[in-house]
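*Asks:*
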Amino acid sequence: MSKVVIVDTNPYEGQKPGTSGLRKKVKVFLQENYTENFIQSILDANKEAIEGSTLVVGGDGRYLVKEVVEKIIKISAANGVAKLLVGQDGILSTPAVSCIIRKYKTLGGIVLTASHNPGGINNDFGIKFNCSNGGPAPDHMTNDIYKLTTEIKWYKIVPDLNCSIDKIGVQTFKVEDREFTVEIVDSVNDYVTYMKEIFDFPKIKELIQGTEQRKPFNVLIDSMNGVTGPYVRRIFLDELGASEKNVRRIVPLDDFGGAHPDPNLTYAADLVNTVKGGDYDFGAAFDGDGDRNMIIGRGAFFVTPSDSLAVLANNLDSIPYFKRTGVRGYARSMPTAAAVDRVAVANGKEMFEVPTGWKYFGNLMDAGRLSLCGEESFGTGSDHVREKDGLWAALAWLSVIAATGKSVEDILKAHWAQFGRNYFTRYDYEECASDPCNEMMTELEKTITEPGFVGSSHASGDKTYIVKVADNFSYMDPIDKSVAMKQGLRIIFEDGSRIVMRLSGTGSSGATVRLYIDSYEASNVLGDAQVMLKPLIDVALKISKLPSYTGRDAPTVIT
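As structure tokens, this is what we get:
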């Protein structure tokens, strides 16, 4: 029989969860009691329901995951949790965690990930809590967790409880007068079973393998040495009949092979160049924890996440799941281009614009008002889970391709011909000095809210833009009426063009400035986005004085 030990501790400053959990450098989490404090605070924030509960635990395989899983097991045992469902070797993709929480109706889950941030001893780690609906904890809960971290005096642990996580099976322990169970689950099974219910796998398999009338559709799927590797192997190799040449980097590594596991044109350049120079019809890449995706077509034809969302919205009848459930509304994060809005109007569907952060979609889904949603930060998903889902997005695209018989590029060009095109780009300035960036945002907000700014004109080249709306975006949830303030500075012009600027909540150090530029064209739809948007980019840099405040002449990443 194991005993509960109470360990005295002191609070650490700065354990405030960001957009999706607490993210810091690994060495921060290695400080004495730092990780234990945060885990105890998560459990205390659920104290009314924690006794006798079941939780899901898993992560993206990055450095420190196994050690933190061990701590979660020991602290959960001490706090009255009845059962843990733990991914084998600590491996569970973020959408798989959401799937398992919902399937087994657990209290929630603890997800160990820093998502698309680099891994390894000198890089990033993260912890977040997902609620019983499978989605990230809402603001009121993350605020509760943070408050508890500032007051914590002790945590409970069962130090001599040793639980192996490398073999599938059930282990039962006696903790004082209670029974405590840890079930090590296959990391992939529940998720793949669900995907086979959502999509027509035989039809996608026929696409990939080809028929007598149609040559094989050659895909290249890149897991970037993140958590999706085992899922890609099971789905694409075992279920869909692709070969090893159709997949790359599918072994999860604790440092992601030294790469930055963010599926965009900069950090997934290997995939882009391979598809561009090879005989490939389709490419997809996923981030460290499997919730983000990038889609490219033959010749590395790039699909912006905003366009990806719009195309999928207009083709959901290609997916069996939506034939069963019907299609409710669509939603996008505020910085995401408004391409999907035009699909909503055409299809007579409700449309929502929410702050950045997947948690804001959850209430709408739970209320039955939202089927499909996305963020410009390479996140796409539906109400099948309560997280964005990279593999789901790739399978959704393959379903549309199989149904239409068109290439990725032809699907996009047909979409633009019907709806027009929202040219979109995002400039990321990573790891900037925090103080000047905060000052920049403060001064920019003062500028755009001054009398006379609305109605002012701003010229660059042969373009002149007249300001129609300027504000710091706020959002009232239509379901629970909760309000999220100061979610990003917006300048909207009379022609519908937009400048949006935010400080990101997903970095682990310094400040990441994100500048979003969005402009609609009804007929001139085949231009180069950077060329088409250059006048508006110049206006944005001039109004914000971003180069002066950041000391940067160019962004770290352009998408």
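With our numbering, letter number 160 in the sequence shown gets 313, and the count goes up by one each step, no holes.
Even for Gly, the Cβ is constructed at its ideal location relative to N, Cα and C.
None of the values given here were measured: they were computed from a predicted structure.
1. Measuring straight from C-alpha to C-alpha, what distance separates residue 388 and residue 541?
2. Measuring only the C-alpha atoms, how far is residue 633 from residue 344?
3. Using the Cα positions of residue 670 and residue 545, report the straight-line distance between them to the nearest angstrom.
4. Taking only the alpha-carbon atoms, compute the straight-line gap between residue 666 and residue 657 and give it to the nearest angstrom.
5. Can you tell me which of 465, 471 and 700 puts its alpha carbon nearest to the alpha carbon of residue 494?
6. Which residue wins for smallest C-alpha separation from residue 309, given the options 513, 260 and 234?
7. Closer than 6 Å by C-beta to residue 474: which residues in its own chain qualify, once you throw out the five before and the five after it? Chain order, please.
8. Quick check: the region 405 to 421 against the region 181 to 189, are there 3 or more CB pairs under 8 Å?
9. Run through DSSP, which three-state label would residue 189 get?
10. Helix, strand or coil for residue 252? Go by DSSP, reduced to three states.
11. Is the beta carbon of residue 335 less than 7 Å from the beta carbon of residue 488?
12. Measure the beta-carbon distance from residue 668 to residue 689 and round it to whole angstroms, keeping in mind my assumption that it falls under 8 Å.
13. Using beta-carbon positions only, say whether residue 628 and residue 710 come within less than 7 Å of one another.
14. Provide the residue span of the alpha helix (DSSP H) that contains residue 518, from first to last.
15. How would you call residue 713, buried or exposed, if buried means at least 16 neighbouring beta carbons within 10 angstroms?
16. If you measure from the CB of residue 380, is any heavy atom of the ligand FAD nearer than 6 Å?
17. Taking C-beta to C-beta, are residue 531 and residue 457 nearer than 7 Å?
18. Give a yes or no on whether the C-beta atoms belonging to residue 243 and residue 219 are separated by under 7 Å.
19. From residue 586 to residue 396, what distance separates their C-alpha atoms?
20. Going by beta carbon distance, what residues of the same chain come within less than 7 Å of residue 202, once the five residues before and after it are set aside?
21. What is the C-beta distance between residue 289 and residue 512, in whole angstroms, given that I count them as a contact (C-beta under 8 Å)?
22. Take residue 614 and list the residues in its own chain whose beta-carbon comes closer than 6 Å to its own, dropping the five residues that flank it on each side.
23. Below 8 Å, can you find three or more Cβ-Cβ pairs linking the region 425 to 444 to the region 372 to 385?
24. With distances taken from CA atoms, which of 579, 588, 558 and 694 is nearest residue 683?
25. Spatial neighbours of residue 504 within its chain, please: C-beta separation below 6 Å, excluding the five flanking residues on both sides.
26. Return yes when the Cβ of residue 311 is within less than 7 Å of the Cβ of residue 231, no when it is not.
27. Would you kindly check if the distance between the Cβ of residue 538 and the Cβ of residue 252 is under 7 Å?
28. List the endpoints of the continuous alpha helix (DSSP H) containing residue 606.
*Replies:* The short version:
1. Near 18 Å, if we compare the C-alpha coordinates of residue 541 and residue 388.
2. Rounded to the nearest angstrom, the two C-alpha atoms are 30 Å apart.
3. Residue 670 and residue 545: Cα-Cα distance of roughly 27 Å.
4. 6 Å
5. 465
6. 234
7. 351
8. Flag = no, the region 405 to 421 and the region 181 to 189 do not touch.
9. helix
10. helix
11. no
12. About 10 Å separates the two Cβ atoms, so there is no contact after all.
13. no
14. 512 to 519
15. Because the chain in this structure spans residues 154 to 712, residue 713 falls outside the shown range and cannot be described.
16. Among the components of this structure there are no ligands whatsoever, and the ligand FAD is therefore not found.
17. For residue 531 and residue 457, no; Cβs fall outside 7 Å.
18. Judged by their CB atoms, residue 243 and residue 219 are nearer to each other than the 7 Å cut-off.
19. 46 Å
20. 260
21. The beta-carbon distance between residue 289 and residue 512, rounded to whole angstroms, is 4 Å. This is short enough to meet the 8 Å contact definition.
22. Counting only residues of its own chain and dropping the five nearest sequence neighbours on each side, residue 614 has a CB closer than 6 Å to the CB of 688.
23. yes
24. 579
25. 483, 494 and 497
26. yes
27. yes
28. Per DSSP, residue 606 belongs to no alpha helix (DSSP H) and is neither H nor E.
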